[in-house]
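Visitor: I have a structure here, written as structure tokens, and I will follow up with some questions on it.
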Amino acid sequence: MDVWAWSALGPSADLHSFLTLAATGLPFDIAHATGNAVIALVAGPSLIRMLDRYARRLHATFAPLEPT
């Protein structure tokens with residue numbers, strides 16, 4: 389996301405402006421990553437169980453038809 393915002397600066401997009409933009413977004417990026425990790429730790433095991441159960445229900449085996 390920082391790269392897209394940086395590219396919108398136009399001709400003034402240089403390394404210094406990118407580093408400044410990345411530094412201003414760093415607290416949000418850290419909070420976002422922390423939130424994702426917490427959600428993965430809390431909801432991850434039950435989500436995996438749910439997806440495994442769903443995969444077992446959708447499992448199908450196909451047998452060749454008997455000639456008539």
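Numbering of the sequence shown is given in this note's numbering, commencing with residue 389 and proceeding in unit increments.
The beta-carbon is built from N, C-alpha and C at its ideal position, and this holds for glycine as well.
State the CB to CB distance for the pair Ala-401 and Trp-394, rounded to an integer number of angstroms; the pair is presumed to be in contact (CB under 8 angstroms).
Guide: At roughly 6 angstroms, the Cβ-Cβ gap stays under 8 angstroms, so Ala-401 and Trp-394 are in contact.
Visitor: So what's Ala-428 in DSSP terms, helix, strand or just coil?
Guide: DSSP places Ala-428 in helix when its eight states are reduced to three.
Visitor: To the nearest whole angstrom, what separates the beta carbons of Leu-409 and Asp-390, a pair I think is in contact under 8 angstroms?
Guide: About 6 angstroms separates the two Cβ atoms, so the contact holds.
Visitor: First and last residue of the alpha helix (DSSP H) that includes Ala-393?
Guide: Note, Ala-393: alpha helix (DSSP H), 390–395.
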